[in-house]
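Remarks on the structure that follows.
Residue numbers (the numbering used here): 1 to 124.
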């Protein structure tokens, strides 16, 4: 089964939030929560939250507008981000994950727009 994960993060009024939409042919999960230390880290948290919900050895296509998430998937990052990066690399070992870079914020995809909306609601 193939899963599609749409992740986004936001900063509003000095607070960070993340949102995700996880889909497969028979599943849709939407989730959001407070972010941490920056938009980049918050978006990485959204990706991690989504990947943790996928069974081992599944194929996942992650849609993100974050260059940081793409770099972290290749092993780049430091400090707190490094801790999150290590968690991401662990998820990449148990899943077959590919990444698609999408436009910033609301973008052209309805599911990515929903992830953006959920991230905004998390800090409302």
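Glycine included, C-beta positions come from ideal geometry on N, C-alpha and C. All values derive from a computational prediction rather than experimental measurement.
Asked: Give me the residue from 26, 28, 16 with the minimum Cα distance to residue 40.; Found: 16
Asked: Mind checking residue 52: buried by the 16 CB within 10 Å criterion, or exposed?; Found: exposed
Asked: How long is the line joining the alpha carbons of residue 82 and residue 8, rounded to whole angstroms?; Found: 19 Å
Asked: I need the DSSP call for residue 80, collapsed to helix, strand or coil.; Found: Bear in mind that the predicted position of residue 80 carries a pLDDT of just 48, short of 50, making it too unreliable to give a figure here.
Asked: Who are the Cβ neighbours of residue 54 in its own chain at under 7 Å, not counting the five residues just before and after it?; Found: 3, 60, 95
Asked: Using C-beta distances below 7 Å, list every residue in its chain close to residue 38, excluding the 5 sequence neighbours before and after it, in chain order.; Found: 16
Asked: With distance defined between alpha-carbon atoms, name the residue in 90, 14, 102, 109 nearest to residue 68.; Found: 102
Asked: Which whole-angstrom value is the C-beta distance of residue 21 and residue 88, which I expect to be below 8 Å?; Found: Contact flag wrong, Cβ pair sits at about 18 Å.
Asked: Starting from residue 2, trace the beta strand (DSSP E) both ways and give me its first and last residue.; Found: 2 to 12
Asked: Can you tell me whether residue 43 is buried or exposed, with buried defined as 16 or more other CB within 10 angstroms of its CB?; Found: buried
Asked: Given residue 109, which residues of its chain have a CB within under 8 Å of its CB, disregarding the five upstream and five downstream residues?; Found: 6, 63, 102
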